[in-house]
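Right, one structure below, let's go through it.
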Amino acid sequence: MPELPEVEIVRQSLNKKILEKKVKKVLVRNRNLRFKIPSNFEIFLKEKKIIKVKRFAKYLIFNLSDNSNILLHLGMTGTIHLIKNENKDFLTNTSFYSSPQLPDKHNHVEISFKNLKLIYNDPRRFGFFQIIENKDLLKKRFLNLGPEPFDPRFNEKYINFFCKNKIKKIKDLLLDQNFVSGIGNIYVSEILFCCKINPSIKVNLLKKNELRKIIINTRKILLNAIKKGGSSIRDFKNINGNKGNFQKHFKVYDREGLNCKRIKCKGIIKKKFLSNRSTYFCNICQK
DNA sequence: AAGAGGCCCTGATAGC
DNA sequence: TGCTATCAGGGCCTCT
17 MPELPEVEIV
27 RQSLNKKILE
37 KKVKKVLVRN
47 RNLRFKIPSN
57 FEIFLKEKKI
67 IKVKRFAKYL
77 IFNLSDNSNI
87 LLHLGMTGTI
97 HLIKNENKDF
107 LTNTSFYSSP
117 QLPDKHNHVE
127 ISFKNLKLIY
137 NDPRRFGFFQ
147 IIENKDLLKK
157 RFLNLGPEPF
167 DPRFNEKYIN
177 FFCKNKIKKI
187 KDLLLDQNFV
197 SGIGNIYVSE
207 ILFCCKINPS
217 IKVNLLKKNE
227 LRKIIINTRK
237 ILLNAIKKGG
247 SSIRDFKNIN
257 GNKGNFQKHF
267 KVYDREGLNC
277 KRIKCKGIIK
287 KKFLSNRSTY
297 FCNICQK
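Each residue of the first sequence is one higher than the one before, counting from 17 in this note's numbering.
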């Protein structure tokens with residue numbers, strides 16, 4: 017489901033609602049997520065307070081009262097829902113879900129606070145929870161991942177270095193989380209359109225000003241997506257069940273066969289499989 | 001070393 | 001109506 021902007025939306029809404037709350041009960045219905053939920057998960061969480069919800073790239077980090085952390089990756093279809101404990105009908109009667117039916121089939125984890133319950137739902141189970149015992153281990157966990165797009169380390173010097181003498185396709189590089197963390201399949205198409213760069217082009221052929229554009233536009237597009245509440249294609253909703261709006265601003269993603277949105281460009285949006293994922297680009301302005 | 005492909009899963013949709 | 005095939009926002013792996 018979520019790339020960096022969507023995870024950030026979830027983080028922001030969680031941060032408003034579960035800070036300083038103490039975990040009263042943990043129920044794991046299905047441990048078989050991408051990685052098995054550890055057997056001590058429930059005991060580990062119980063009676064601890066959520067101090068802060070942070071984010072790195074597509075990972076949510078729950079800082080707990082004893083300096084430990086719970087890491088959560090939403091995979092493709094992971095969603096978080098908050099409901100009020102005392103009202104059992106709340107799920108079916110409110111807008112937390114767009115469907116009138118309670119999709120509790122894939123509610124794998126429930127974390128209860130005094131008046132509030134956090135539910136983790138994930139049909140495809142590509143998401144996962146991890147216990148990170150302390151700050152050092154947290155740092156270590158992300159050591160091999162590249163900087164976030166907003167990190168000053170993600171700069172011209174950095175991208176020039178990575179692109180020199182490499183014959184990787186630019187799409188592959190931007191999706192490589194070890195190079196830069198947080199970009200996924202939707203935003204990579206949008207970023208490259210914005211830069212007028214063909215996703216198949218080899219990085220060693222890109223000029224310095226094009227690489228500079230990639231840095232600038234990556235930040236611009238991700239920030240704009242956050243501002244618009246993320247993208248809601250398929251099932252992404254924030255924890256209040258509201259949809260984001262950025263999908264209305266897609267220039268190329270899921271627009272195969274439609275006209276290029278650039279004024280005066282007569283191009284048609286094409287779809288192509290790159291890195292085993294669908295890729296959208298204009299056949300004229302991204303030559 | 002790049003890149004194609006497979007795999008982990010379920011569900012929505014399209015085509016017959 | 002009901003079957004099958006294909007495709008999904010992630011990330012890991014292996015093989016060539």
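Idealized CB from N, CA, C, for every residue including glycine. No experiment lies behind these values; they were computed from the predicted model shown.
Where residue i sits in the DSSP three-state scheme
| i | result |
| --- | --- |
| cysteine 298 | strand |
| asparagine 176 | helix |
| glutamate 63 | coil |
| valine 219 | helix |
| glutamate 24 | helix |
| isoleucine 127 | strand |
| isoleucine 135 | strand |
| leucine 30 | helix |
| asparagine 48 | strand |
| lysine 121 | helix |
| lysine 70 | strand |
| lysine 282 | coil |
| glutamate 19 | coil |
| lysine 38 | strand |
| asparagine 275 | strand |
| glutamate 164 | coil |
| phenylalanine 57 | helix |
| lysine 267 | coil |
Integer Cβ distance of residue i from residue j, believed to fall under 8 Å
| i | j | result |
| --- | --- | --- |
| glutamate 164 | isoleucine 231 | Not really, about 12 Å apart at Cβ, beyond 8 Å. |
| lysine 62 | asparagine 79 | Not a contact, Cβ separation roughly 16 Å. |
| glycine 143 | histidine 89 | 5 Å |
| lysine 185 | serine 216 | 5 Å |
| phenylalanine 60 | isoleucine 147 | 6 Å |
| asparagine 176 | cysteine 211 | Not confirmed; about 15 Å, so no contact. |
| isoleucine 66 | lysine 37 | 6 Å |
| histidine 97 | leucine 49 | About 16 Å; that fails the 8 Å criterion. |
For residue i: DSSP bridge partner residues
| i | result |
| --- | --- |
| histidine 89 | Tyr75 and Phe144 |
| histidine 97 | Ile135 |
| leucine 80 | Ile66 |
| leucine 43 | Glu126 |
| arginine 293 | Leu290 |
Segment limits, beta strand (DSSP E) that includes residue i
| i | result |
| --- | --- |
| lysine 328 | No statement about residue 328 is possible, as the shown extent of the chain runs from 17 to 303 and does not include it. |
Classification of residue i by the beta-carbon crowding that lies within 10 angstroms, buried from 16 upward
| i | result |
| --- | --- |
| arginine 169 | exposed |
| leucine 153 | exposed |
| glutamate 272 | exposed |
| arginine 71 | buried |
| serine 247 | buried |
| aspartate 82 | exposed |
| isoleucine 183 | exposed |
| phenylalanine 166 | exposed |
| serine 115 | Note that serine 115 scores a pLDDT of 34, beneath 50, so its modelled location is shaky and nothing firm can be said. |
| isoleucine 133 | Reading the sequence as shown, one finds lysine at residue 133 and not isoleucine. Buried. |
| leucine 159 | exposed |
| asparagine 214 | buried |
| phenylalanine 297 | buried |
| leucine 274 | exposed |
| arginine 27 | buried |
| leucine 238 | buried |
| lysine 229 | buried |
| lysine 187 | buried |
Where the alpha helix (DSSP H) containing residue i begins and where it ends
| i | result |
| --- | --- |
| lysine 224 | 224–243 |
| leucine 190 | 186–191 |
| leucine 208 | 201–211 |
| aspartate 152 | 151–157 |
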